[in-house]
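Student: The listed protein sequences derive, respectively, from chains A and B.
Sequential numbering of the first sequence, starting at 81, is according to our numbering.
Sequential numbering of the second sequence, starting at 11, is according to our numbering.
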Amino acid sequence: EAQVTQNPRYLITVTGKKLTVTCSQNMNHEYMSWYRQDPGLGLRQIYYSMNVEVTDKGDVPEGYKVSRKEKRNFPLILESPSPNQTSLYFCASSPGTGGTQYFGPGTRLLVL
Amino acid sequence: SQQGEEDPQALSIQEGENATMNCSYKTSINNLQWYRQNSGRGLVHLILIRSNEREKHSGRLRVTLDTSKKSSSLLITASRAADTASYFCATENNNDMRFGAGTRLTVKP
């Protein structure tokens, strides 16, 4: 089944404790992206990647890192999480830029 | 910052009625997409309309795009209770994807 998977789905952590949210797609898509969704603000793009080893900042990259060492994986790294990073995070992939995006199920993060 | 802004923020209708949601945006775009989200879940793509297109249909969905007014509308005809969800427009321009805050649609049986 073609899909985008994210892990973990739910995470409670404390300020400053490094964490990684994994994202994987099995559709051989070149384009991958991370978003955060907050009430009243819709989705905001954090980082995106147009291909392996190519990443770019989105709208709200501060406090986040990403890597794209393989085509299928695009992990989101929070080196030192803070409470304002409490949010619902979505990973998405697309065959190319500007096309239909396929979203993962979301990761709900709470930073205490 | 957001690009698309949906209107209304919330819409409640009876089953069988049509639902119209609007999206306005600020800058030039390559395409505009509409997505649906059931509560707390991932977004599902509904339809994509390119900047040189004016209208597109998919089943009970009809999307229009007016680039001169920088606006789009999504019409869902003959709505069903299962259409209850949040609907987002997203604009794409040079790899930059921007989503609006969404319209929350409730269809009452």
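For every residue, glycine included, the Cβ atom is placed at its ideal position computed from N, Cα and C.
Name, please, each residue of chain B whose Cβ falls closer than 7 Å to the Cβ of threonine 177 (chain A).
Tutor: Taking the first sequence and counting its residues from 1, one reaches residue 177 (chain A) at position 97. The contacting residues are Asn105.
Student: How close, in whole Å, do the beta carbons of serine 89 (chain B) and glutamate 25 (chain B) come, if the pair is a contact with beta carbons under 8 Å?
Tutor: On the second sequence, position 79 is the one that residue 89 (chain B) refers to. On the second sequence, position 15 is the one that residue 25 (chain B) refers to. With 8 Å as the limit, serine 89 (chain B) and glutamate 25 (chain B) qualify as a contact, their Cβ atoms being about 6 Å apart.
Student: Use the C-beta contact count for tyrosine 90 (chain A): other C-beta atoms within 10 angstroms, 16 or more gives buried, fewer gives exposed.
Tutor: Here the question's residue 90 (chain A) lines up with position 10 in the first sequence. Exposed, because fewer than 16 other Cβ atoms sit within 10 Å of the Cβ of tyrosine 90 (chain A).
Student: DSSP three-state call for alanine 82 (chain A): helix, strand or coil?
Tutor: Along the first sequence, one-based indexing puts residue 82 (chain A) at 2. Coil.
Student: Tell me, please, whether the CB atom of glutamine 24 (chain B) is closer than 9 Å to any CB atom in chain A?
Tutor: As a first step, residue 24 (chain B) is located in the second sequence; it is residue number 14 there, counting from the start. By this cut-off, glutamine 24 (chain B) is not an interface position.
Student: So, do the stretch 57-65 of chain B and the stretch 139-151 of chain A have three or more beta carbon pairs nearer to each other than 8 Å?
Tutor: In short, these stretches do not touch, since the Cβ pair count stays below three.
Student: At a CB-CB cut-off below 9 Å, which residues of chain A make contact with asparagine 62 (chain B)?
Tutor: The residue labelled residue 62 (chain B) in the question sits at position 52 within the second sequence. Simply none; closest approach about 13 Å.
Student: Which runs of the beta strand (DSSP E) fall wholly inside the stretch 126-191 of chain A and span at least 3 residues, in chain order?
Tutor: As far as the stretch 126-191 of chain A is concerned, its whole beta strand (DSSP E) runs of at least 3 residues are 134-137, 156-158, 167-174 and 187-191.
Student: Anything in chain B within Cβ reach of glutamine 181 (chain A), meaning under 9 Å, just list it in chain order.
Tutor: Along the first sequence, one-based indexing puts residue 181 (chain A) at 101. Neighbours of glutamine 181 (chain A) on chain B, chain order: Gln43, Tyr45, Leu53, His55, Ala100 and Met107.
Student: Residues of chain A with CB under 8 Å from glycine 69 (chain B), in chain order?
Tutor: Within the second sequence, residue 69 (chain B) is the residue found at index 59, counting from 1. Result: empty, since nearest Cβ-Cβ is about 16 Å, beyond 8 Å.
Student: Taking Cβ positions only, does leucine 85 (chain B) come closer than 9 Å to chain A?
Tutor: Locating residue 85 (chain B) in the second sequence gives position 75, counting from the first residue. No, no contact with chain A.
Student: Against chain E, which members of the stretch 122-143 of chain A pass a CB distance test of less than 8 Å?
Tutor: No chain E is present in this structure, whose protein chains are A and B.
Student: In this structure, does DSSP put serine 11 (chain B) in helix, strand or coil?
Tutor: Position 1 of the second sequence holds residue 11 (chain B). The predicted model places serine 11 (chain B) with a pLDDT of 49, which falls under 50 and marks its position as unreliable; any figure quoted below should be read in that light. The answer is coil: DSSP assigns serine 11 (chain B) none of H, G, I, E or B.
Student: To the nearest angstrom, how far is it from the Cα of asparagine 48 (chain B) to the Cα of serine 173 (chain A)?
Tutor: Translated into positions along the second sequence, residue 48 (chain B) becomes position 38. Translated into positions along the first sequence, residue 173 (chain A) becomes position 93. Taking the straight line joining both Cα atoms gives about 19 Å.
Student: Among B:Lys118, B:Ala92, B:Glu16 and B:Asp93, whose alpha-carbon lies nearest the alpha-carbon of lysine 36 (chain B)?
Tutor: Translated into positions along the second sequence, residue 36 (chain B) becomes position 26. It is B:Glu16 whose Cα lies nearest to the Cα of lysine 36 (chain B).
Student: Expressed to the nearest angstrom, what Euclidean distance is found between the alpha-carbon atoms of threonine 30 (chain B) and leucine 75 (chain B)?
Tutor: The sequence position of residue 30 (chain B) within the second sequence is 20, counting from 1. The sequence position of residue 75 (chain B) within the second sequence is 65, counting from 1. Answer to the nearest angstrom: the Cα atoms are 13 Å apart.
Student: How would you call serine 38 (chain B), buried or exposed, if buried means at least 16 neighbouring beta carbons within 10 angstroms?
Tutor: Against the second sequence, residue 38 (chain B) aligns to sequence position 28. The residue in question, serine 38 (chain B), is exposed, as its Cβ has fewer than 16 Cβ neighbours within 10 Å.
Student: Return the bridge partner residues of glycine 26 (chain B) from the DSSP annotation.
Tutor: Counting from 1 along the second sequence, the entry for residue 26 (chain B) is found at position 16. For glycine 26 (chain B), which the question treats as bridged, DSSP gives no partner whatsoever.
Student: Chain B partners of serine 113 (chain A), CB-CB under 9 Å?
Tutor: As a first step, residue 113 (chain A) is located in the first sequence; it is residue number 33 there, counting from the start. Under the 9 Å cutoff, chain B gives Met107.
Student: Is alanine 100 (chain B) helix, strand or coil by DSSP?
Tutor: Counted from its first residue, the second sequence places residue 100 (chain B) at position 90. It is a strand residue.
Student: Along the chain, where does the beta strand (DSSP E) that runs through histidine 55 (chain B) open and close?
Tutor: Numbered from 1 along the second sequence, position 45 holds the residue referred to as residue 55 (chain B). Unbroken beta strand (DSSP E) run through histidine 55 (chain B): 53-60.
Student: Around the C-beta of leucine 192 (chain A), are 16 or more other C-beta atoms found within 10 angstroms, so that it is buried, or is it exposed?
Tutor: Reading the first sequence from its first residue, position 112 is the one you call residue 192 (chain A). Under this definition leucine 192 (chain A) is an exposed residue.
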